[in-house]
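Novice:
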Amino acid sequence: GEKEILRAEFSALTPEAIRRAFSDLKPFDYPRANAGWARRVLDLEWGANVTRALTLATREHSWVKVLSGGRVQSPALALIVKREEEIRNFVPRKYYVVTGLFETPRGETFEAVALPPKGQDRIWDRELAERIREDVLGRFGLAKVTAREVKVAPPPPFNGTDMQVEVSRITGLTPRQIADRTTGIAQQLYEAGLISYIGTESQKYPKEWDRREFEAMVRVIERWEPLREAARWVLENMRPRPVEGKKGDPAHPCIHVVGAPKGPDDLPTKRHARVYEIIARRVLATLSPDGRDRRTRIDVEVEGHPFRATGRVILEQGWRGVYPYSKAEERELPRVETGERLRCIDVRIEEKETQPPPRYTPRSLIREMERLGLGTKNTRAQILDILKARGYVEGKSFKPTPIGEAVIRALEKSVPEIVSPELTAQLDKAMQEIELGRLDHREFHQSTLRRLEEIASEFEQRSLELGQSLAEAVRAHRRASREVGTCPKCGSPLIIRRSRYGR
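Per the numbering used here, residue 113 is the first one in the sequence shown, and the count goes up by one each step.
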């Protein structure tokens with residue numbers, strides 16, 4: 113007869129976690145396995161068919177190795193191309209910042225910024241800025257002071273995407289260097305039994321944990337000398353329950369510490385120690401008390417023109433003492449009472465220009481992909497590497513190459529849904545239905561195959577037109593990659609040529 117299949121589920125590669133999993137085996141979850149199979153097959157078939165269509169269309173007009181596309185890769189590239197269009201079409205607009213220097217009755221001074229007219233977000237008119245200066249310089253206004261104490265809660269524990277983005281921000285490492293499935297630093301920390309599984313979507317600790325488990329985790333961190341004092345402070349000041357985020361994952365809890373290096377030199381490199389420290393400090397922060405700040409706002413109206421100054425003073429560091437990566441900047445304002453007369457003793461006008469939206473960086477693109485539901489925590493960094501390897505984007509802040517833009521134009525003309533995040537959202541919803549047992553994975557697979565056949569037919573009908581535009585983009589990209597400057601005599605491009613004698 114058939115034998116029962118049981119499953120051991122664990123989120124950390126420690127002997128204790130593995131023994132616990134095998135002592136509490138779970139029934140095999142067929143719907144979840146079917147959803148995983150459907151996702152894997154879907155990504156392969158969409159990627160293979162779109163890649164084949166793009167490559168064959170181009171090869172008839174220009175030699176090219178591979179032009180790839182896919183269910184996640186193409187929408188990610190489309191985001192970069194769309195952002196570049198926004199930058200290209202952006203028209204800067206001048207605006208003005210009017211800053212007044214005010215003196216209190218006690219002779220202390222502070223700066224306040226003029227507020228724009230109602231219904232506007234900036235002062236756009238130079239004449240208005242000059243008029244404000246003329247009206248307020250040397251005049252008095254009455255102060256209105258608002259001060260309040262606020263609690264500043266710790267950030268939630270890391271999930272996979274949060275960890276990649278934050279560690280990249282702090283260290284400058286790329287998401288691939290951090291989380292690659294074979295060479296990533298965080299992956300190696302997981303395999304060494306120091307942190308839990310990094311591919312989780314969850315911002316929550318295990319439900320069954322109580323104070324004893326959290327104290328035990330902090331005592332593990334305490335064993336590592338660089339964080340010994342921080343861990344001891346948390347043990348003395350631990351909050352009743354840790355801070356958690358909203359996102360969950362049925363398979364794995366948030367990223368947390370499960371082991372500690374034996375000594376300062378027990379990790380392979382300083383980078384490994386840095387990443388481990390950030391993750392451990394994040395854990396400590398979630399168990400630490402709130403910070404406490406005093407925020408002050410001084411409003412003063414002079415001759416009908418409102419000015420505002422805001423201040424912030426940290427009263428209690430709280431969790432920020434163990435997680436020093438937050439951007440809490442202090443600005444202490446002088447003591448001012450509501451109703452006091454303040455004199456404007458100087459006015460400064462700065463002319464500025466609006467800026468286009470910035471190009472995506474690996475960090476910001478991964479965050480946007482997560483927001484749109486593109487890819488998984490394990491695949492987003494790999495997608496960025498593929499875009500670079502294919503020559504679709506260049507630079508640390510992603511700029512699309514001519515060939516990258518041409519690929520998106522071709523897909524927009526023939527299969528526009530594949531460059532839209534809406535397709536991924538629909539397919540992910542179907543995956544959830546399969547996982548819940550409400551949709552048959554074989555029926556879903558057949559329906560996607562039918563749509564792929566339609567796409568292949570549409571692409572074939574337009575292959576001549578699309579192939580020519582793609583081939584021209586390939587040639588333009590090759591020319592640009594060989595150009596090293598301009599001839600000082602004739603102004604023509606200087607191009608690197610290869611021969612049997614070299615370059």
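Idealized CB from N, CA, C, for every residue including glycine. If you're wondering where the values come from, they're calculated on a predicted model, not measured in any experiment.
1) Starting from the C-beta of Glu-584, find all residues in its chain whose C-beta is less than 7 Å away, skip the five residues before and the five after it, and write them out in chain order.
2) Do Leu-454 and Gly-219 count as a contact pair if the criterion is CB distance below 7 Å?
3) Can you check DSSP and say which residues form a bridge with Tyr-472?
4) In chain order, what residues of the same chain lie with their CB nearer than 8 Å to the CB of Asn-271, ignoring the 5 residues before and after it?
5) Got a sec, what are the start and stop residues for the beta strand (DSSP E) Gly-212 sits in?
6) For Ala-90 and Thr-408, which I take to be in contact (beta-carbon distance under 8 Å), what is that distance rounded to the nearest angstrom?
7) Exposed or buried, Cys-602, counting other C-beta atoms within 10 Å across all chains shown (16 or more means buried)?
8) For the beta strand (DSSP E) that Arg-260 lies in, which residues bound it at each end?
9) When you compare each of Arg-479, Pro-266, Val-225 and Cys-456 to Thr-216 by their alpha carbons, which one comes out closest?
10) Short of 7 Å in beta carbon distance, which residues of its chain neighbour Glu-334, apart from the five on each side in sequence? Order them along the chain.
11) What do you reckon, are the CB atoms on Glu-121 and Lys-138 nearer than 7 Å?
12) Going by DSSP, what residue range makes up the beta strand (DSSP E) through Val-531?
13) Take Ala-241 and list the residues in its own chain whose beta-carbon comes closer than 6 Å to its own, dropping the five residues that flank it on each side.
14) If you follow the beta strand (DSSP E) that Phe-222 is in, where does it begin and where does it stop?
15) Just to confirm before moving on: does the CB-CB distance between Ile-290 and Gln-276 stay below 7 Å?
16) So the beta strand (DSSP E) Pro-418 belongs to, where does it begin and stop?
17) Counting Cβ pairs closer than 8 Å, one from the stretch 550 to 570 and one from the stretch 142 to 159, do we hit at least three?
18) Leaving aside the five residues before and after Leu-213 along the sequence, list all residues of the same chain whose C-beta is less than 8 Å from its C-beta, in chain order.
19) Taking the DSSP output, what are the residues bridged to Pro-605?
20) Below 8 Å on the Cβ atoms is my guess for Leu-616 versus Leu-249; work out the distance and round it to an integer in Å.
21) Contact check, Ile-478 vs Thr-273 under 8 Å by CB: the rounded distance?
22) With DSSP as the reference, identify every bridge partner of Thr-283, one or two as the case may be.
23) Around the Cβ of Leu-231, are there at least 16 other Cβ atoms within 10 angstroms (buried) or fewer (exposed)?
24) Do Glu-555 and Ala-147 count as a contact pair if the criterion is CB distance below 7 Å?
25) Ala-226 and Phe-419: beta carbons closer than 7 Å?
26) Determine whether the beta carbon atoms of Glu-545 and Leu-539 lie at a separation below 7 Å.
27) Quick check on this structure: which residue in Gln-429, Gln-573, Thr-422 and Lys-382 has the alpha carbon closest to the alpha carbon of Lys-525?
28) Are Leu-243 and Asp-497 touching if we call contact CB-CB under 7 Å?
29) Exposed or buried, Ala-493, counting other C-beta atoms within 10 Å across all chains shown (16 or more means buried)?
Specialist: By the coordinates alone:
1) Closer than 7 Å at Cβ, skipping near neighbours: no residue.
2) Not closer than 7 Å, so no.
3) According to DSSP, which records beta bridges pairwise, Tyr-472 is partnered with nothing at all.
4) Thr-312, Glu-313, Ser-314, Gln-315, Gly-357, Lys-359, Asp-361, Cys-366, Ile-367 and Lys-489
5) Element bounds for Gly-212: 206 to 215.
6) Examination of residue 90 is not possible in this model, given that the chain is present from 113 through 615 alone.
7) exposed
8) 252 to 264
9) Cys-456
10) Arg-340, Ala-343 and Arg-344
11) yes
12) Here Val-531 belongs to no beta strand (DSSP E), and DSSP marks it neither H nor E.
13) Counting only Cβ-Cβ distances below 6 Å, and skipping sequence neighbours, we find Tyr-208, Val-210, Ile-235 and Ile-461.
14) Taken as a continuous stretch (DSSP letters only), the beta strand (DSSP E) holding Phe-222 covers 221 to 226.
15) yes
16) 417 to 428
17) Yes, since at least three Cβ pairs between the stretch 550 to 570 and the stretch 142 to 159 fall closer than 8 Å, the two stretches touch.
18) Thr-221, Phe-222, Glu-223, Cys-456, Ile-457, Asp-458, Val-459 and Arg-460
19) Thr-598
20) Nothing can be reported for residue 616: it is not among the residues displayed for the chain, which extend from 113 to 615.
21) 6 Å
22) Thr-283 pairs with nothing; no bridge assigned.
23) Before going on, a small fix: residue 231 reads as Gly here, not Leu. Flag for Gly-231 reads exposed.
24) For the pair Ala-147 and Glu-555, the CB atoms are not nearer than the 7 Å cut-off.
25) yes
26) no
27) Gln-573
28) Looking at the sequence shown, residue 243 is not Leu but Arg. No; because the gap between Cβ atoms is not below 7 Å, this pair is not in contact.
29) buried
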